[in-house]
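Asker: Pasting a structure below so you can have a look.
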Amino acid sequence: MRAITIKEPGGPEVLTLAEVPDPLPGEGEVLVEVAATAVNRADVLQRQGFYNPPPGASPYPGLECSGRIAALGAGVSGWAVGDEVCALLSGGGYAEKVAVPAGQLLPVPKGVGLVDAAALPEVTATVWSNVFQAVHLRPGETLLLHGGSSGIGTMGIQLGKAIGARVAVTAGSAEKLEACRALGADVLINYREQDFVEALGPDGADVILDVMGAKYLDRNLDALAVNGRLVIIGMQGGVQAELNIAKLMAKRAAIVSTSLRARPLDEKAAIVAEVREHVWPLIDNGRVRPIIDTVLPLADAAEAHRLMESSTHIGKILLRA
1 MRAITIKEPG GPEVLTLAEV PDPLPGEGEV LVEVAATAVN RADVLQRQGF
51 YNPPPGASPY PGLECSGRIA ALGAGVSGWA VGDEVCALLS GGGYAEKVAV
101 PAGQLLPVPK GVGLVDAAAL PEVTATVWSN VFQAVHLRPG ETLLLHGGSS
151 GIGTMGIQLG KAIGARVAVT AGSAEKLEAC RALGADVLIN YREQDFVEAL
201 GPDGADVILD VMGAKYLDRN LDALAVNGRL VIIGMQGGVQ AELNIAKLMA
251 KRAAIVSTSL RARPLDEKAA IVAEVREHVW PLIDNGRVRP IIDTVLPLAD
301 AAEAHRLMES STHIGKILLR A
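So that you can map any letter, position 288 of the sequence shown is 288 in UniProt numbering, and since no number is skipped, the others follow by simple counting.
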């Protein structure tokens, strides 16, 4: 099969399409013939040498995919060869085939094309596991999404509105904010021109989903409501910052930080099961949909990474296998 390999850490040019051995499904796994995968910030970090795959994972980038089941490993039930699926991966999506633990498979939702379904597993699992499982966003609360026009942001807007939350977003252009407004965002904040703490007002946000990390830590605390919850899932703004514990205590607030890729298989399976139970019906009935900016051939992975790093996209960038 063909897969995107990383010759050495570096820029997008190190991504190379090469012939590699086909993967074989182990016990409890299925082999998926990939229709498409999606580009995530974690793939960029892996390419740069900062985010190696967990032990036993495929060395190729790609944390999600869609496709058809080509073979079943021992002990797999509930799936059949030919089923159209999408899947959460620990790696290997940038390839023509990938072996996937059966617990990380999802059926392609109604009304979503097979290629477009590649845009769903990572963002739905990330938003659900953080905003709903970890900090329990409730109807009527305010959710602040940094990077509201990203793949995670566009899914967060839709899921937040679906449960009756008030959703605020930050983004860097009028075009991106308009896309967020069209998805239902209530408060639109241009971070290049506005301070998000001031824009939220004195009541603040009950839940903040943050991809910036260190750069935003103190201001995120300022923006939290009393009993607020800050969830940090990215480090685009650095990894070290000073924490004002007095401010945290005064807000009676909580800070949670999670990652998804290296979680044990049973934890990932539990997240995927809840996504299928709670999120898939919203997609099936059209209340939630994947937001896709660009679809490129797998051979153009380098161009896809350049687009990701330019931050000019809205929603997901896909690679068609």
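Backbone N, C-alpha and C define an ideal beta-carbon position, used for all residues, glycine too.
Who are the Cβ neighbours of Arg166 in its own chain at under 6 Å, not counting the five residues just before and after it?
Answerer: In the sequence shown, counting from the first residue as 1, residue 166 sits at position 166. If we look at Arg166 and ignore the five residues flanking it on each side, its Cβ neighbours are Thr142 and Asp186.
Asker: Give the straight-line distance between the Cα atoms of Ala174 and Leu224, rounded to the nearest whole angstrom.
Answerer: The residue labelled residue 174 in the question sits at position 174 within the sequence shown. The residue labelled residue 224 in the question sits at position 224 within the sequence shown. Cα to Cα, the separation comes out at about 25 Å.
Asker: Rounded to whole angstroms, what is the Cα-Cα separation between Gly152 and Pro121?
Answerer: Along the sequence shown, one-based indexing puts residue 152 at 152. Along the sequence shown, one-based indexing puts residue 121 at 121. Strictly speaking, residue 152 in this sequence is Ile, with Gly absent from that position. When rounded, the distance between both Cα atoms is 11 Å.
Asker: Looking at the structure shown, is Arg289 part of a helix, part of a strand, or coil, going by DSSP?
Answerer: Your numbering for residue 289 matches position 289 in the sequence shown. Here Arg289 sits in coil by DSSP.
Asker: With a 10 Å radius around its C-beta and 16 neighbouring C-beta atoms as the bar for buried, classify Asp43 as buried or exposed.
Answerer: The count along the sequence shown starts at 1 and reaches residue 43 at position 43. Per the 10 Å Cβ criterion, buried.
Asker: Which of the three DSSP states, helix, strand or coil, is assigned to Glu29?
Answerer: Along the sequence shown, one-based indexing puts residue 29 at 29. Reduced to three states, the DSSP call for Glu29 is strand.
Asker: Considering only residues of the same chain and omitting the five flanking positions on each side of Ala262, which have a CB-CB separation below 7 Å?
Answerer: For this step, residue 262 is matched to residue 262 along the sequence shown. Cβ within range, chain order: Pro54.
Asker: Which residues bound the alpha helix (DSSP H) around Arg138?
Answerer: As a working note, residue 138 is residue 138 in the sequence shown. Counting along the chain, Arg138 falls outside any alpha helix (DSSP H), and DSSP gives it neither H nor E.
Asker: Can you tell me the Cα-Cα spacing of Pro59 and Pro23, whole angstroms?
Answerer: Start at 1 with the first residue of the sequence shown, and residue 59 comes out as number 59. Start at 1 with the first residue of the sequence shown, and residue 23 comes out as number 23. Distance between the alpha carbons of Pro59 and Pro23 is about 11 Å.
Asker: How far does the alpha helix (DSSP H) with Leu282 in it extend, from its first residue to its last?
Answerer: For the purposes of this step, residue 282 is taken as the residue at position 282 of the sequence shown. Segment Trp280 to Asp284, the alpha helix (DSSP H) holding Leu282.
Asker: Out of Arg41, Gly56 and Leu298, point me to the one whose CA is closest to Ser259's CA.
Answerer: The residue you call residue 259 lines up with position 259 of the sequence shown. Among Arg41, Gly56 and Leu298, the Cα nearest to that of Ser259 is on Arg41.
Asker: If you follow the alpha helix (DSSP H) that Arg47 is in, where does it begin and where does it stop?
Answerer: Taking the sequence shown and counting its residues from 1, one reaches residue 47 at position 47. That run of the alpha helix (DSSP H) goes Arg41 to Gln48.
Asker: Nearest-angstrom Cα distance between Ala134 and Pro9?
Answerer: The residue given as residue 134 occupies position 134 in the sequence shown. The residue given as residue 9 occupies position 9 in the sequence shown. Their backbone Cα atoms lie some 33 Å apart in a straight line.
Asker: Quick one: Cα of His136 to Cα of Ser310, how far?
Answerer: Taking the first residue of the sequence shown as 1, we reach residue 136 at position 136. Taking the first residue of the sequence shown as 1, we reach residue 310 at position 310. The alpha-carbon atoms of His136 and Ser310 are separated by roughly 33 Å.
Asker: If you follow the alpha helix (DSSP H) that Gly228 is part of, which residue opens it and which one closes it?
Answerer: Mapped onto the sequence shown, residue 228 falls at position 228. Run containing Gly228: none in the alpha helix (DSSP H); it sits in the beta strand (DSSP E), Leu224 to Ile232.
Asker: Let me know if Arg158 comes out buried or exposed under the rule of 16 or more other beta-carbons within 10 Å of its beta-carbon.
Answerer: Your numbering for residue 158 matches position 158 in the sequence shown. Looking at the sequence shown, residue 158 is not Arg but Gln. Buried is the call here.
Asker: Taking three-plus beta-carbon pairs below 8 Å as touching, is the stretch 29-41 in contact with the stretch 109-129?
Answerer: Output reads yes: the stretch 109-129 touches the stretch 29-41.
Asker: Ignore the nearest five residues each way along the sequence and tell me which others in Ala18's own chain have a CB closer than 6 Å to its CB.
Answerer: One-based indexing of the sequence shown puts residue 18 at position 18. Only Thr5 meet the Cβ criterion.
Asker: Verify whether the separation of the beta carbon atoms of residue 322 and Arg287 is less than 8 Å.
Answerer: The structure shown does not extend to residue 322, since the chain is modelled only from 1 to 321, so the question has no answer here.
Asker: Going by the beta-carbon positions, is the gap between Ile291 and Lys316 smaller than 8 Å?
Answerer: Mapped onto the sequence shown, residue 291 falls at position 291. Mapped onto the sequence shown, residue 316 falls at position 316. The answer is yes: Cβ separation under 8 Å.
Asker: For Glu178 and Glu193, I'd like the C-alpha separation in whole angstroms.
Answerer: In the sequence shown, counting from the first residue as 1, residue 178 sits at position 178. In the sequence shown, counting from the first residue as 1, residue 193 sits at position 193. Using only the alpha carbons, I get a separation of about 15 Å.
Asker: Output the distance between the C-alpha atoms of Trp280 and Leu88, rounded to the nearest integer angstrom.
Answerer: Here residue 280 refers to the residue found at position 280 when the sequence shown is read from its first residue. Here residue 88 refers to the residue found at position 88 when the sequence shown is read from its first residue. Going from the Cα of Trp280 to the Cα of Leu88 covers about 14 Å.
Asker: I'd like the ranges of any beta strand (DSSP E) spanning at least 3 consecutive residues and lying wholly in the stretch 147-231.
Answerer: As far as the stretch 147-231 is concerned, its whole beta strand (DSSP E) runs of at least 3 residues are 166-171, 187-190 and 205-210.
Asker: For Ala205, collect the residues of the same chain with a Cβ closer than 7 Å to its Cβ; drop the 5 residues on either side in sequence, then sort them by chain order.
Answerer: Here residue 205 corresponds to residue number 205 of the sequence shown, with the count starting at 1. For Ala205, where only same-chain residues beyond five positions count, the Cβ hits under 7 Å are Thr142, Leu143, Leu144, Ala168, Ala223, Leu224, Ala225 and Gly228.
Asker: Counting C-beta neighbours from all protein chains within 10 Å, is the total for Glu267 16 or more, i.e. buried, or is it exposed?
Answerer: Locating residue 267 in the sequence shown gives position 267, counting from the first residue. Result: exposed.
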